[in-house]
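J.:
In the UniProt record's numbering, the protein residues as written are 1 to 394.
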């Protein structure tokens, strides 16, 4: 029986290059291992073998496969480069042609590019692909919501929250990990001129030299809970960022903050929760990473902006800016991991990329109709309350 199982595993390993998932993406890996387990169960029905004997064998083989795949997924030629070589590559990126994020030029350029943050859409449903194609041919709005670089707390949405706290995350990381982060604009792929990415940053100095040269992707979820996993959209986004910049590693960082949001106010005592003990002082239970930012407004143009240090605030006030809000915050949850580039996965998306740009051309020719949301069907519900019939519409 063991010999038969080993032969089966050998056959599976021969197909590994085509069938195995991206081992650096945990969800794909777990699903593949479950499929492997189900396959073994189908080959050895319970009525033919004692499951008490079979189950340990299956787990043993799974552990071997996982070890080999994770070893391959975490091998990175980038990490083998010297610090000088990595910094030289970063310098070449820093001096390349870039477009600053969230500027009019940035939005205009996006019409002719497939960006890292959009990429997962072309791997999705036909409707998602068509909607993205229609976005590429749609005229630019004069008052794009995304152009807002700062906003008042009661008007905030998840996108605004991310903009507000991205600089805070960088401040925390620089203090926590003793690193220095270089900010970049949008970079276009050196060969695929219709593919681009806007990394949140590149680590250019660190006590741990292995971090030097890595990309940085930051997320500040406000409604989604941090659970130690990477949503697939973000994994795809980082793969494209690494492909565009030709860098093999990206540090993925999620931080959850306690701060005012919409109608809610800052709860300083939330630190008592102790959901992440390493982020709080052992004796006082106070947060280790906390501070405040300021929302300022130009009285003439009415433009809003954030400043994150006392010196920035003083300089802005001297320039005539007025303080609209003082915004305290503290870090309450953190997740970080390193994602490794997967060239094979990117190569497998090339056909999808070509198909997408054909859909864009179809959209230009008027061959794609905009999707319309389904009308909600109103159902009359009859409720009996204290033996009285009440008609209610949900």
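Each residue gets a CB set at the ideal place from its N, CA and C atoms; glycine is no exception.
Look at the Cβ atom of residue 326, then the Cβ atom of residue 292, and state whether they are nearer than 9 Å.
T.: Yes.
J.: Restricting to runs no shorter than 3 residues, where is the beta strand (DSSP E) found entirely within the region 211 to 298?
T.: As far as the region 211 to 298 is concerned, its whole beta strand (DSSP E) runs of at least 3 residues are 215 to 219, 249 to 259 and 290 to 297.
J.: Please look up how many angstroms separate the CB atoms of residue 337 and residue 249, rounded, as I've assumed it's under 8 Å.
T.: Rounded, the Cβ-Cβ distance is 11 Å, inconsistent with contact.
J.: How would you call residue 343, buried or exposed, if buried means at least 16 neighbouring beta carbons within 10 angstroms?
T.: When all chains shown are included, residue 343 counts as exposed.
J.: Where does residue 108 land, buried or exposed, given buried means 16+ other C-beta within 10 angstroms?
T.: Result: exposed.
J.: Using the beta-carbon count (16 or more within 10 Å), is residue 388 buried or exposed?
T.: Confidence at residue 388 is low in this model, with a pLDDT of 44, below 50, so the placement of that residue should be treated as unreliable; the coordinate-derived value is given next. Looking at its Cβ environment, which holds fewer than 16 other Cβ atoms inside 10 Å, residue 388 is exposed.
J.: Buried or exposed: which applies to residue 159, given that a residue is buried once 16 or more other Cβ atoms fall within 10 Å of its Cβ?
T.: So residue 159 counts as exposed.
J.: Could you pull the start and end residues of the beta strand (DSSP E) that residue 179 belongs to?
T.: Per DSSP, residue 179 belongs to the beta strand (DSSP E) from 179 to 182.
J.: Under 8 Å by Cβ, that's how I've got residue 215 and residue 242 pegged, so tell me the actual separation to the nearest angstrom.
T.: About 6 Å; that satisfies the 8 Å criterion.
J.: Name the one or two DSSP bridge partners that residue 84 has.
T.: Residue 84 is not bridged to any residue.
J.: Which residue comes first and which comes last in the beta strand (DSSP E) that contains residue 205?
T.: Element bounds for residue 205: 201 to 206.
J.: Straight-line CA distance for residue 203 to residue 162?
T.: Looking at the two C-alpha atoms, the distance is approximately 20 Å.
J.: Would you call the region 180 to 200 in contact with the region 226 to 235, where contact means no fewer than 3 C-beta pairs closer than 8 Å?
T.: No, the region 180 to 200 is not in contact with the region 226 to 235.
J.: Using a Cβ distance threshold of 8 Å, determine whether the region 170 to 190 contacts the region 89 to 98, with at least three qualifying pairs required.
T.: The region 170 to 190, when compared against the region 89 to 98, does touch it at the 8 Å Cβ threshold.
J.: Could you check what DSSP says for residue 189 in three-state terms: helix, strand or coil?
T.: Reduced to three states, the DSSP call for residue 189 is coil.
J.: Cα separation between residue 299 and residue 308?
T.: Those two C-alpha atoms are separated by around 20 Å.
J.: Straight-line CA distance for residue 311 to residue 295?
T.: C-alpha separation (whole angstroms): 14 Å.
J.: Using the beta-carbon count (16 or more within 10 Å), is residue 350 buried or exposed?
T.: Burial call: exposed.
J.: Among the residues of its own chain, which have a CB less than 8 Å from the CB of residue 177, if the five just before and after it don't count?
T.: Here the set comprises 206, 207, 208 and 211.
J.: Tell me whether residue 327 sits in a helix, a strand or coil according to DSSP, three-state version.
T.: Strand at residue 327.
J.: Identify, in the order they occur along the chain, each residue of the same chain with its Cβ nearer than 7 Å to the Cβ of residue 267, setting aside the five sequence neighbours on each side.
T.: Closer than 7 Å at the Cβ level, and outside the excluded window around residue 267, lie 258.
J.: In the structure shown, what three-state DSSP assignment does residue 351 receive?
T.: Residue 351 falls in the helix class under three-state DSSP.
J.: Taking 7 Å as the limit between beta carbons, can you name the residues of its chain near residue 346, skipping five residues before and five after?
T.: Around residue 346: 239 and 243.
J.: Would you mind sorting residue 201 into buried or exposed? The rule is 16 or more other CB atoms within 10 Å of its CB.
T.: Label assigned to residue 201: buried.
J.: Looking only at its chain, what residues have a beta carbon closer than 6 Å to the beta carbon of residue 136, apart from the 5 residues adjacent to it on each side?
T.: Answer for residue 136: 111 and 360, listed in chain order.
J.: Can you give the Cα-Cα distance for residue 164 and residue 150, rounded to whole angstroms?
T.: Looking at the two C-alpha atoms, the distance is approximately 7 Å.
J.: So, for residue 222: in the same chain, excluding its five sequence neighbours on each side, which residues have a beta-carbon less than 7 Å away from its beta-carbon?
T.: Here the set comprises 158, 161 and 261.
J.: Let me check one thing: in DSSP terms, what residues is residue 336 bridge-paired to?
T.: Paired residue(s): 253.
J.: Tell me the rounded alpha-carbon separation between residue 284 and residue 129.
T.: So the two alpha carbons sit approximately 52 Å from each other.
J.: Below 7 Å CB to CB, which residues in the same chain sit around residue 170 once its five sequence neighbours on both sides are set aside?
T.: Once the five neighbours on either side are set aside, the close Cβ partners of residue 170 are 181 and 201.
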